[in-house]
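As structure tokens, the structure follows; a few thoughts come after it.
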Amino acid sequence: MEIIEKKYIEKFSLPLRIYKMAYVADAIGKSGEEFSIFVGLDEKLVAELTRYSEDLSDTELQKNTPDKERFAKGAYEDWYKKIRTPFAFVHKKTDVLAALVWLGPRPLDDKEGNWHTVGWRSYNPWRGKGVMKDFANFAINFYLKHFPDVKLWITAKEENTASLHLAENLGFKRIKYVREKGFFEMIKDATI
Ligand SMILES: CC(C)(COP(=O)(O)OP(=O)(O)OC[C@H]1O[C@@H](n2cnc3c(N)ncnc32)[C@H](O)[C@@H]1OP(=O)(O)O)[C@@H](O)C(=O)NCCC(=O)NCCS
504 MEIIEKKYIE
514 KFSLPLRIYK
524 MAYVADAIGK
534 SGEEFSIFVG
544 LDEKLVAELT
554 RYSEDLSDTE
564 LQKNTPDKER
574 FAKGAYEDWY
584 KKIRTPFAFV
594 HKKTDVLAAL
604 VWLGPRPLDD
614 KEGNWHTVGW
624 RSYNPWRGKG
634 VMKDFANFAI
644 NFYLKHFPDV
654 KLWITAKEEN
664 TASLHLAENL
674 GFKRIKYVRE
684 KGFFEMIKDA
694 TI
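The numbering used here puts the first residue of the sequence shown at 504, with every later residue one more than the last.
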């Protein structure tokens, strides 16, 4: 997938004010589908995120994430207060949220360093279509330009092959440390 970052982006610091969005890039998928990439979610995208999160027919999402609790039962505003920076991947033709990546501070228990975590979701019909690696890579690099000194980690259920595979493709490595039974932790460009 080709991602073309906007040449002239107004300077801003992260995280943006809640519901603010900055249009930062365009993407063209292998099949020619076009997408826009934004930092931040406006109210419309948050409403879509909430709808996706309570969609019980999305068994992968329900099995592998607490998003129903987090965004449908809980409030996006409370989650945002944890200093989260979401990136939205929006399908241009339908103007619908196709995927989401977010980053934000989250200590890796007692491990030294300024740790931030990454979360990712793709939504049907775009899941499994190979857009996530490039989109997540873009979001991570964009974020690291704002926070060059942070170390990144992810956590995923042991059986969440798609997420673990994606992390591996993005250069995350498994660590032996067991934080929670049934989960694997992976870190990027750092050793502990
Ligand atoms: C995890 C998730 C974001 C990955 O996105 P995706 O759309 O499947 O990603 P891609 O199509 O870009 O594929 C990522 C890689 O995983 C592989 N993959 C995808 N689904 C897979 C599966 N079920 N089993 C094995 N590998 C899989 C792909 O082949 C690809 O690897 P490759 O580039 O080497 O071929 C997506 O599956 C998802 O949203 N799942 C539900 C929510 C979730 O689990 N989020 C993460 C919680 S930790």
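We treat Cβ as the ideally placed atom computed from N, Cα and C, and that holds for glycine.
Coil, strand or helix - residue i by DSSP
i: Y646; result: helix
i: A707; result: This structure gives no information on residue 707, because the portion of the chain shown stretches from 504 to 695.
i: R573; result: helix
i: W656; result: strand
i: E505; result: strand
i: A578; result: coil
i: R624; result: strand
i: T553; result: helix
i: T568; result: coil
i: N663; result: coil
i: Y522; result: coil
i: L669; result: helix
i: I512; result: coil
i: E546; result: helix
i: K684; result: coil
Whole-Å CB distance - residue i paired with residue j, under 8 Å assumed
i: F638; j: V604; result: 6 Å
i: A525; j: F515; result: 6 Å
i: L600; j: L548; result: 5 Å
i: S556; j: A530; result: 23 Å between Cβ atoms; not a contact.
i: V527; j: K509; result: 6 Å
i: E580; j: I521; result: 7 Å
i: F686; j: A659; result: 7 Å
i: I657; j: K676; result: Actually they are not in contact, since the Cβ atoms of I657 and K676 sit about 11 Å apart, beyond 8 Å.
i: F641; j: I540; result: 7 Å
Paired residues, beta bridge with residue i - DSSP
i: S560; result: The partner list for S560 (beta bridge, DSSP) is empty, contrary to what the question assumes.
i: M635; result: Partner(s): none; M635 has no beta bridge.
i: S539; result: D529 and V593
i: M689; result: I657 and R677
i: G616; result: Note: G616 sits in no beta bridge, so no partner.
i: T588; result: L606
Using a strict less-than 6 Å threshold between each residue's beta carbon and the heavy atoms of ligand 1, what residues do you get?
E563, L564, N567, T568, W623, R624, S625, R630, G631, K632, G633, V634, M635, K636, A659, N663, T664, A665, S666, H668, L669 and N672
Can you confirm whether the segment 579-589 touches the segment 625-633 when touching is taken to mean that 3 or more C-beta pairs between the two stretches lie within less than 8 Å?
no
Do the segment 631-651 and the segment 504-514 touch if we need at least three Cβ pairs shorter than 8 Å?
yes
Would the segment 601-618 and the segment 562-571 be scored as touching if the rule is three or more Cβ pairs under 8 Å?
no
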